[in-house]
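> Numbering (this note's numbering), first residue to last: 2 to 316. Below you'll find the structure I mean.
If you want it as structure tokens, here you go:
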């Protein structure tokens, strides 16, 4: 079953610099060199956005039919698992990024650990996928499936730990840059559409963190949700006003959808509303995004907001 912790880990990384391209973190005045700090972070983000979600989905797929102690061969349905994309590019990109300035030994070590962990997971998933797709368990009485189980679990655990640590390092840098960028926009333009869009993305992340925390605090959630809702309203009021940028409905629609889901989840947490048996089944089988007011639905809407930002908004 997909845990709340897994839900958090499957969030797409939102890096203001990556989303905004060259204009996000401009080089110092008079500098011709590209911003290597942005290149460095974007390399790490690229690995996570390409490989992490599928890696967690592979584990979720496997444990949707296999017991925590491993397969027995007596299961009514055997789905196998999923493979992940080739990890060679991630390894190469991390190696190159680690040599870029500014040097950060802890972050670079976390990136290397991530690349190593996901690279070790890849062949195991391929081996397991071939075994289950070809239904070889019917020929060896699940012998190989039982032997693969502890290896898969260890590889998934190592990957999850590496993924968590790398994300934490990236998010720390991203948070500082997002706040600095927000102040820069306000200083140059005032509180117009560009400012409100940047603020909304910061508040959206805070809502996500508050509502998917291991021990959600309703007061923290309420504050974060209030700030986010105020950002949504500010964007609507500023869009197209006095010749300012006119935002399309694609971005604002996704911003509102995320607000709706965030409120639904807040009420579930506040009122301690349990999920039905059908809801729990969907959340454990990869269909949690269909359950209103659920962490997977919040995650889905947050990721769609990021996609809308990357595709339709430039600050």
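C-beta: ideal position from N, C-alpha, C; glycine also.
1. Going by DSSP in three states, residue 71 sits in which element: helix, strand or coil?
2. Am I right that residue 119 and residue 88 are in contact with their C-beta atoms under 8 Å? What's the rounded C-beta distance?
3. Buried or exposed, going by whether 16 or more other CB atoms sit within 10 Å of the CB of residue 103?
4. Quick one: grab the DSSP three-state call for residue 157.
5. Starting from residue 53, trace the alpha helix (DSSP H) in both directions and tell me its first and last residue.
6. For residue 142, does the count of other Cβ atoms within 10 angstroms reach 16, so buried, or fall short, so exposed?
7. At which residue ranges does the segment 62-131 contain complete alpha helix (DSSP H) runs of 4 or more residues, listed in the order of the chain?
8. Measure the beta-carbon distance from residue 57 to residue 82 and round it to whole angstroms, keeping in mind my assumption that it falls under 8 Å.
9. Ends of the alpha helix (DSSP H) at residue 283?
10. How far does the alpha helix (DSSP H) with residue 214 in it extend, from its first residue to its last?
11. What is the C-beta distance between residue 276 and residue 303, in whole angstroms, given that I count them as a contact (C-beta under 8 Å)?
12. Using only the alpha-carbon positions, how far apart do residue 157 and residue 127 sit?
13. May I ask which residues mark the beginning and end of the alpha helix (DSSP H) holding residue 258?
14. Check whether the segment 265-276 and the segment 286-300 touch, using three or more Cβ-Cβ pairs below 8 Å as the test.
15. Here's a check: name, in chain order, each residue in its chain whose Cβ is nearer than 7 Å to the Cβ of residue 309, leaving out the five neighbours to either side.
16. If I follow the unbroken alpha helix (DSSP H) through residue 139, where does it start and stop?
17. Determine the direct distance from the alpha carbon of residue 65 to that of residue 231, and round the result to whole angstroms.
18. Our contact map puts residue 234 next to residue 241 with C-beta atoms below 8 Å; I'd like the distance itself, whole angstroms only.
19. Please return the same chain residues whose Cβ sits closer than 6 Å to the Cβ of residue 149, not counting the five positions on each side in sequence.
20. Would you call the segment 100-115 and the segment 162-175 in contact, with 3 or more CB pairs under 8 Å?
21. Does residue 212 pass the burial test, meaning 16 or more other C-beta atoms within 10 Å, or should it be called exposed?
22. Would you please state the rounded distance, in angstroms, between the beta carbons of residue 225 and residue 208? I believe it to be under 8 Å.
23. What is the rounded straight-line gap between the Cα of residue 239 and the Cα of residue 228?
24. Restricting to Cα atoms, I'd like to know which of 154, 245, 273, 249 is closest to residue 59.
25. Given a cut-off of 8 Å, decide if residue 125 and residue 49 are closer than it, judged by their beta-carbon atoms.
26. Tell me the rounded alpha-carbon separation between residue 186 and residue 306.
27. Using 8 Å for Cβ pairs, my map puts residue 112 next to residue 99. What's the rounded Cβ distance?
28. Under the three-state reduction of DSSP, which class applies to residue 166: helix, strand or coil?
29. State the CB to CB distance for the pair residue 204 and residue 236, rounded to an integer number of angstroms; the pair is presumed to be in contact (CB under 8 Å).
On the basis of the data shown:
1. strand
2. 5 Å
3. exposed
4. helix
5. 37-64
6. exposed
7. 89-99
8. That pair is no contact at about 12 Å.
9. 278-285
10. First-last for residue 214: undefined, no H or E at that position.
11. With a Cβ gap of about 20 Å, residue 276 and residue 303 do not count as contacting.
12. 14 Å
13. For residue 258, the enclosing alpha helix (DSSP H) has its first and last residue at 250-272.
14. yes
15. 251, 252, 255
16. 138-141
17. 40 Å
18. Contact flag wrong, Cβ pair sits at about 15 Å.
19. 129
20. yes
21. buried
22. 5 Å
23. 16 Å
24. 154
25. no
26. Rounded to whole angstroms, residue 186 to residue 306 spans 21 Å at the Cα level.
27. 6 Å
28. In this structure, residue 166 counts as helix in the three-state DSSP scheme.
29. About 11 Å separates the two Cβ atoms, so there is no contact after all.
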